[in-house]
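Participant: Chains as they are written, first to last, in full-length UniProt numbering: chain A, 1 to 252; chain B, 1 to 252; chain C, 1 to 252; chain D, 1 to 252.
Idealized CB from N, CA, C, for every residue including glycine.
Let me begin by handing over the structure; questions about it come next.
4 protein chains.
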Amino acid sequence: MSDTAALRVGVLGAQGKVGTAICEAVSAAPDLELVAAVDRDDPLTDFTDNKAQVVVDFTHPDVVMGNLEFLINNGIHVVVGTTGFDENRLDQVRAWLDANPEVGVLIAPNFAIGAVLCMKFAEQAARFFDSVEIVELHHPNKADAPSGTAARTADLVGAARAAAGCAPMPDATSTSLDGARGAEVNGVRVHSIRLAGLVAHQEVLLGTQGETLTIRHDSIDRSSFAPGVLLGVRNIGQRPGLTIGIDPLMEL
Amino acid sequence: MSDTAALRVGVLGAQGKVGTAICEAVSAAPDLELVAAVDRDDPLTDFTDNKAQVVVDFTHPDVVMGNLEFLINNGIHVVVGTTGFDENRLDQVRAWLDANPEVGVLIAPNFAIGAVLCMKFAEQAARFFDSVEIVELHHPNKADAPSGTAARTADLVGAARAAAGCAPMPDATSTSLDGARGAEVNGVRVHSIRLAGLVAHQEVLLGTQGETLTIRHDSIDRSSFAPGVLLGVRNIGQRPGLTIGIDPLMEL
Amino acid sequence: MSDTAALRVGVLGAQGKVGTAICEAVSAAPDLELVAAVDRDDPLTDFTDNKAQVVVDFTHPDVVMGNLEFLINNGIHVVVGTTGFDENRLDQVRAWLDANPEVGVLIAPNFAIGAVLCMKFAEQAARFFDSVEIVELHHPNKADAPSGTAARTADLVGAARAAAGCAPMPDATSTSLDGARGAEVNGVRVHSIRLAGLVAHQEVLLGTQGETLTIRHDSIDRSSFAPGVLLGVRNIGQRPGLTIGIDPLMEL
Amino acid sequence: MSDTAALRVGVLGAQGKVGTAICEAVSAAPDLELVAAVDRDDPLTDFTDNKAQVVVDFTHPDVVMGNLEFLINNGIHVVVGTTGFDENRLDQVRAWLDANPEVGVLIAPNFAIGAVLCMKFAEQAARFFDSVEIVELHHPNKADAPSGTAARTADLVGAARAAAGCAPMPDATSTSLDGARGAEVNGVRVHSIRLAGLVAHQEVLLGTQGETLTIRHDSIDRSSFAPGVLLGVRNIGQRPGLTIGIDPLMEL
Numbered sequence: 001m002s003d004t005a006a007l008r009v010g011v012l013g014a015q016g017k018v019g020t021a022i023c024e025a026v027s028a029a030p031d032l033e034l035v036a037a038v039d040r041d042d043p044l045t046d047f048t049d050n051k052a053q054v055v056v057d058f059t060h061p062d063v064v065m066g067n068l069e070f071l072i073n074n075g076i077h078v079v080v081g082t083t084g085f086d087e088n089r090l091d092q093v094r095a096w097l098d099a100n101p102e103v104g105v106l107i108a109p110n111f112a113i114g115a116v117l118c119m120k121f122a123e124q125a126a127r128f129f130d131s132v133e134i135v136e137l138h139h140p141n142k143a144d145a146p147s148g149t150a151a152r153t154a155d156l157v158g159a160a161r162a163a164a165g166c167a168p169m170p171d172a173t174s175t176s177l178d179g180a181r182g183a184e185v186n187g188v189r190v191h192s193i194r195l196a197g198l199v200a201h202q203e204v205l206l207g208t209q210g211e212t213l214t215i216r217h218d219s220i221d222r223s224s225f226a227p228g229v230l231l232g233v234r235n236i237g238q239r240p241g242l243t244i245g246i247d248p249l250m251e252l
Numbered sequence: 001m002s003d004t005a006a007l008r009v010g011v012l013g014a015q016g017k018v019g020t021a022i023c024e025a026v027s028a029a030p031d032l033e034l035v036a037a038v039d040r041d042d043p044l045t046d047f048t049d050n051k052a053q054v055v056v057d058f059t060h061p062d063v064v065m066g067n068l069e070f071l072i073n074n075g076i077h078v079v080v081g082t083t084g085f086d087e088n089r090l091d092q093v094r095a096w097l098d099a100n101p102e103v104g105v106l107i108a109p110n111f112a113i114g115a116v117l118c119m120k121f122a123e124q125a126a127r128f129f130d131s132v133e134i135v136e137l138h139h140p141n142k143a144d145a146p147s148g149t150a151a152r153t154a155d156l157v158g159a160a161r162a163a164a165g166c167a168p169m170p171d172a173t174s175t176s177l178d179g180a181r182g183a184e185v186n187g188v189r190v191h192s193i194r195l196a197g198l199v200a201h202q203e204v205l206l207g208t209q210g211e212t213l214t215i216r217h218d219s220i221d222r223s224s225f226a227p228g229v230l231l232g233v234r235n236i237g238q239r240p241g242l243t244i245g246i247d248p249l250m251e252l
Numbered sequence: 001m002s003d004t005a006a007l008r009v010g011v012l013g014a015q016g017k018v019g020t021a022i023c024e025a026v027s028a029a030p031d032l033e034l035v036a037a038v039d040r041d042d043p044l045t046d047f048t049d050n051k052a053q054v055v056v057d058f059t060h061p062d063v064v065m066g067n068l069e070f071l072i073n074n075g076i077h078v079v080v081g082t083t084g085f086d087e088n089r090l091d092q093v094r095a096w097l098d099a100n101p102e103v104g105v106l107i108a109p110n111f112a113i114g115a116v117l118c119m120k121f122a123e124q125a126a127r128f129f130d131s132v133e134i135v136e137l138h139h140p141n142k143a144d145a146p147s148g149t150a151a152r153t154a155d156l157v158g159a160a161r162a163a164a165g166c167a168p169m170p171d172a173t174s175t176s177l178d179g180a181r182g183a184e185v186n187g188v189r190v191h192s193i194r195l196a197g198l199v200a201h202q203e204v205l206l207g208t209q210g211e212t213l214t215i216r217h218d219s220i221d222r223s224s225f226a227p228g229v230l231l232g233v234r235n236i237g238q239r240p241g242l243t244i245g246i247d248p249l250m251e252l
Numbered sequence: 001m002s003d004t005a006a007l008r009v010g011v012l013g014a015q016g017k018v019g020t021a022i023c024e025a026v027s028a029a030p031d032l033e034l035v036a037a038v039d040r041d042d043p044l045t046d047f048t049d050n051k052a053q054v055v056v057d058f059t060h061p062d063v064v065m066g067n068l069e070f071l072i073n074n075g076i077h078v079v080v081g082t083t084g085f086d087e088n089r090l091d092q093v094r095a096w097l098d099a100n101p102e103v104g105v106l107i108a109p110n111f112a113i114g115a116v117l118c119m120k121f122a123e124q125a126a127r128f129f130d131s132v133e134i135v136e137l138h139h140p141n142k143a144d145a146p147s148g149t150a151a152r153t154a155d156l157v158g159a160a161r162a163a164a165g166c167a168p169m170p171d172a173t174s175t176s177l178d179g180a181r182g183a184e185v186n187g188v189r190v191h192s193i194r195l196a197g198l199v200a201h202q203e204v205l206l207g208t209q210g211e212t213l214t215i216r217h218d219s220i221d222r223s224s225f226a227p228g229v230l231l232g233v234r235n236i237g238q239r240p241g242l243t244i245g246i247d248p249l250m251e252l
């Protein structure tokens, strides 16, 4: 029966570390069928020959635009994890999609569902609390502090509070060692911990009279992108045009 | 200017433990004015005489219906924390409101904003994860296990997963001591910790490949109802008719 | 039988907030008997008249030395929570104790057992890990950051690592916002969070390859001094001379 | 200079998953030198030929006794992670050591330093609190609940409390769903969480009036045995005879 047929999925960059994991995840999902695993020496026509309906692209900024042009023009939906998209590139993708209005393309900087939810919930909850602070914890080889995700979360929290007209957060600190109260991003204090034995973790603490709410995301393995990629694969066909980030697919 | 005038607020049950705290919270809020603090020996006409626009009722099931009839018929919005509302009582309140369609009444079982958000976020996130379990932690004088809030959260999580067609949660446990894996509520494992030094806490753990999301609510003081009551006071006037629970006012 | 008789306990400063709580705690303990509750207008001879064996002093720096002289010279053990002891005062106490070598006096800056253990365990564990950082979390009315306890913990951790010849902690941070990586105390990073809804909390994070150990202390009520005071009351009689801090009584 | 010369280390089972990681860890340590990496087809005389001072054995119960006999009789210290030691085997090892009294052998069931400290600190702290409960959290493929480590921790906690004459833990639960309050091990409640995205984690919660202490161990990678093995390698030479478990080497 056609409505229970597995979705036909292709993978581009299939021999890379991420691509390999995605091939495995697709093969393991009963509602998906891996019909083409393409790497740099294989022709893109493998996707059309094998009637792929959705292709996942984790390749390289140098080749991703060529891949997208081919896939969109052949009516194949695409889930893109490759980085390097600026406004020019996005405009080009939109132009190709205008000519193929039934095709859906998802371009996402972060496929970790938990990270996306952590950010979203923090933003939603921010205006109901007197105080919000963020602690991000990473392995000690990380070069930047705070993490990009923490800075982005602080930005969203600060913006939500400004939009809601929240009062400044209470803070009676009058004597302090340099750095004790963390960095300030859009009015929100962010603290960066670097510790052997950690991978990537973030905690948003929100407090008001007599109660606190804590939203924490722990990522302990790079494989955490897989569920988000499959979410994209399953849903992008119902969402023609360009979608940025997996949040819109989550319909929160 | 009328749009910056403080909202005129009355409190019913003003000398009770909760009522006292609400009187203080209203008095401390610059956008609210406490115009009438009424307890059992005072006339309800104190509210009309003092032109109260919203009244907070934390009284007793025996008297709350009389209070509501008077307030609604006098065009005063009401925020109700008193318990004991069954469908009969709610129908009666709806009937009074039909006759006074501009009046808003909020009846809420739980005014702790953090608890409401914890439950809401758990429900929203549940379908994106392979596993969800709940840990609730309370002082050792609590009589029931699990807590009502934890059981309600598990119910919402279970229902959200059923509606989304989620697979059963993975669990390879084959050898187990009685009780180790907790109680099951609507397919969700719930664990109850009773510990001296705790008050009321709940943690919802959600996990998928390589990542977990944890949503935790800590309530350490009964005063944690106050911000939720003020949220109701400030918003119920814009929401004619009967509202159950503070969630709808939070516009998540 | 004499060895099961309750220990005869007196309280000095019995009407203060802390003193009241201690009187209640002593009265509630089956192995202790409250034989004298003395406040500023009562004579110290109440303790000798009622044969107190141990007295708890939570009074004021102005009067505590007079209290100690009387109690020590009358052979009564003392547990002191009053502040303001410098080396001069301690020397004076030692002199009185030299003349009464059977008497034990405990002077402690912090009676919260959990706080003392958190500090002790952090110190013990510090040398086995590559990284140690401290997060302390308090209500937003606190004036100093970091807290005195966190600074003291960092000092102990730093000293333990130096004594064991530990390598510097790994940290590849090369781009950072001001304050993101916290304050440095004796080589240990300390992060201070100020949040409505919190009281006093501290978390010590220790990490090495593939694993982390976290030691957390939560104090949500000033009554948390009571178990430490009773520990002192029960044990100081077996410990003649001056004892500083409750750690030695805990025999860890 | 002899006192700064690197310790000469051999590895047995050098091509196994664990052995490979240990070879890497030894090679990376500036105070250790990897002088012999032996697997099943290599002769044990590689160790004597290369003047190994300490050998690490992660092999198999079938061969470990032969390895130990050879190493002990050649005056080489041994750190053993291989399983399957019963009292008979331990007695045999002791006999070989009696004949070679300068040799040290460490046999340990768990080399994760954090796990050992978590257990130790829980045992030490247990008698100072009214309540102790344990939560262990693992990946959903685990067959037993609770984990062996959690059951062992509960045993130690229960024994420490019995030895100190602690009162039973307070618990007013009178209405409860089956399993909500966890399993009971030696009087201590243990709760087992199974969640995708987790590896191996344990939390010991201790509470008394107004405060709680939480000791948590997170292991997210099998490589977490390495620091404990190196601790054994560096110290077993100063500890002639048989040592069981790494705790004695930690001198807590």
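Mark residue 167 of chain B as exposed unless 16 or more other C-beta atoms lie within 10 angstroms of its C-beta, in which case mark it buried.
Facilitator: Exposed, because fewer than 16 other Cβ atoms sit within 10 Å of the Cβ of residue 167 of chain B.
Participant: Please state whether the Cβ-Cβ distance between residue 137 of chain B and residue 194 of chain B is less than 9 angstroms.
Facilitator: Taking 9 angstroms as the Cβ cut-off, residue 137 of chain B and residue 194 of chain B qualify as a contacting pair.
Participant: What is the DSSP secondary structure of residue 63 of chain B, reduced to helix, strand or coil?
Facilitator: Looking at residue 63 of chain B - three-state DSSP - the assignment turns out to be helix.
Participant: So who's on the other strand from residue 184 of chain B, going by DSSP bridges?
Facilitator: Bridge partners of residue 184 of chain B: B/189.
Participant: Exposed or buried, what is residue 228 of chain B when buried is set at 16 or more other beta-carbons lying within 10 Å of its beta-carbon?
Facilitator: By the 10 Å Cβ count, residue 228 of chain B comes out buried.
Participant: Are residue 157 of chain C and residue 122 of chain C touching if we call contact CB-CB under 9 angstroms?
Facilitator: Taking 9 angstroms as the Cβ cut-off, residue 157 of chain C and residue 122 of chain C qualify as a contacting pair.
Participant: Would you please verify whether the beta carbon of residue 246 of chain D is less than 9 angstroms from any beta carbon of chain A?
Facilitator: Not one chain A Cβ lies under 9 angstroms of residue 246 of chain D.
Participant: Going by other Cβ atoms of all chains shown within 10 Å of its Cβ, with 16 needed for buried, is residue 81 of chain A buried or exposed?
Facilitator: Buried, because 16 or more other Cβ atoms sit within 10 Å of the Cβ of residue 81 of chain A.
Participant: What residues from chain C crowd round residue 114 of chain D, counting only those whose CB sits closer than 7 angstroms?
Facilitator: 211, 212, 213, listed in chain order.
Participant: According to DSSP, is residue 78 of chain D helix, strand or coil?
Facilitator: The answer is strand: DSSP assigns residue 78 of chain D an E or B state.
Participant: How would you call residue 251 of chain C, buried or exposed, if buried means at least 16 neighbouring beta carbons within 10 angstroms?
Facilitator: With fewer than 16 Cβ atoms within 10 Å of its Cβ, residue 251 of chain C is classed as exposed.
Participant: Does any C-beta atom of chain A lie closer than 9 angstroms to the C-beta of residue 6 of chain B?
Facilitator: Not an interface residue.
Participant: If you draw a straight line from the alpha carbon of residue 198 of chain B to that of residue 131 of chain D, how long is it in whole angstroms?
Facilitator: Straight-line Cα distance between these residues: approximately 10 angstroms.
Participant: Is residue 233 of chain C closer than 9 angstroms to residue 105 of chain C when the C-beta atoms are compared?
Facilitator: Taking 9 angstroms as the Cβ cut-off, residue 105 of chain C and residue 233 of chain C do not qualify as a contacting pair.
Participant: State yes or no: is the C-beta of residue 46 of chain B within less than 9 angstroms of the C-beta of residue 10 of chain B?
Facilitator: It is a contact, given that the beta carbons lie within the stated cut-off.
Participant: Between the Cα of residue 224 of chain B and the Cα atoms of B/94, B/116, B/34, B/50, which residue gives the shortest distance?
Facilitator: Considering only alpha carbons, the answer is B/116.
Participant: CB residue 93 of chain A to CB residue 249 of chain A, shorter than 9 angstroms?
Facilitator: Going by C-beta atoms, residue 93 of chain A is not nearer than 9 angstroms to residue 249 of chain A.
Participant: Looking at the secondary structure, which residues open and close the alpha helix (DSSP H) in which residue 22 of chain A lies?
Facilitator: Run containing residue 22 of chain A: 17-28, per the alpha helix (DSSP H) assignment.
Participant: Between the alpha carbons of residue 188 of chain B and residue 140 of chain A, how many angstroms are there, rounded?
Facilitator: If you take the alpha carbons of residue 188 of chain B and residue 140 of chain A, they lie about 36 angstroms apart.
Participant: Taking the C-alpha atoms as reference points, what is the distance between residue 2 of chain D and residue 53 of chain D?
Facilitator: Only weak support is given to the placement of residue 2 of chain D: the predicted model assigns it a pLDDT of 43, under 50, and the value that follows is read from those uncertain coordinates. Straight-line Cα distance between these residues: approximately 14 angstroms.
Participant: Among all the DSSP beta bridges, which residues are the ones paired with residue 219 of chain C?
Facilitator: In the DSSP output, where bridge partners are listed per residue, residue 219 of chain C has C/200, D/211.
Participant: Indicate the three-state DSSP secondary structure (helix, strand or coil) for residue 1 of chain A in the structure shown.
Facilitator: For residue 1 of chain A, the predicted model reports a pLDDT of 38, less than 50, meaning its position is unreliable and no value from the coordinates is stated.
Participant: Rounded to a whole number of angstroms, what is the C-alpha to C-alpha distance between residue 38 of chain C and residue 192 of chain C?
Facilitator: Computed Cα separation, rounded: 40 angstroms.
Participant: Does the distance between the C-beta of residue 86 of chain C and the nearest non-hydrogen atom of the ligand NAP fall short of 8 angstroms?
Facilitator: What this structure holds is no ligand at all, so the ligand NAP is not there to describe.
Participant: Output, in chain order, the set of chain A residues within a Cβ distance shorter than 9 angstroms of residue 226 of chain B.
Facilitator: Here the neighbours are 208, 209, 210.
Participant: Given a limit of 7 angstroms on CB to CB distance, which residues of the stretch 117-144 of chain A reach chain B?
Facilitator: Answer in chain order: 117, 118, 121, 124, 125, 128.
Participant: Any idea which residues DSSP pairs residue 194 of chain C with across the strands?
Facilitator: In the DSSP output, where bridge partners are listed per residue, residue 194 of chain C has C/138.
Participant: Within 9 angstroms of any Cβ in chain C, is that where the Cβ of residue 220 of chain B sits?
Facilitator: So, interface residue.
Participant: Under 7 angstroms, CB to CB, which of the residues in the stretch 13-40 of chain A have a partner in chain D?
Facilitator: Hits within the stretch: zero.
Participant: Cβ of residue 250 of chain A less than 9 angstroms from any chain D Cβ?
Facilitator: Output row for residue 250 of chain A: interface = no.
Participant: Can you give me the C-alpha to C-alpha distance between residue 149 of chain D and residue 171 of chain C, rounded to a whole angstrom?
Facilitator: Rounded to the nearest angstrom, the two C-alpha atoms are 32 angstroms apart.
Participant: What residues of chain B sit near residue 217 of chain A, judged by a beta carbon separation below 9 angstroms?
Facilitator: What residue 217 of chain A touches in chain B: 211, 212, 213, 214.
Participant: Any C-beta of chain A within less than 8 angstroms: which residues of the stretch 168-187 of chain C qualify?
Facilitator: Listed by position, the residues of the stretch 168-187 of chain C near chain A (Cβ gap below 8 angstroms) are 169, 170, 171, 172, 173, 174, 175, 176, 177, 178, 179, 180, 181, 182, 183, 184, 185.
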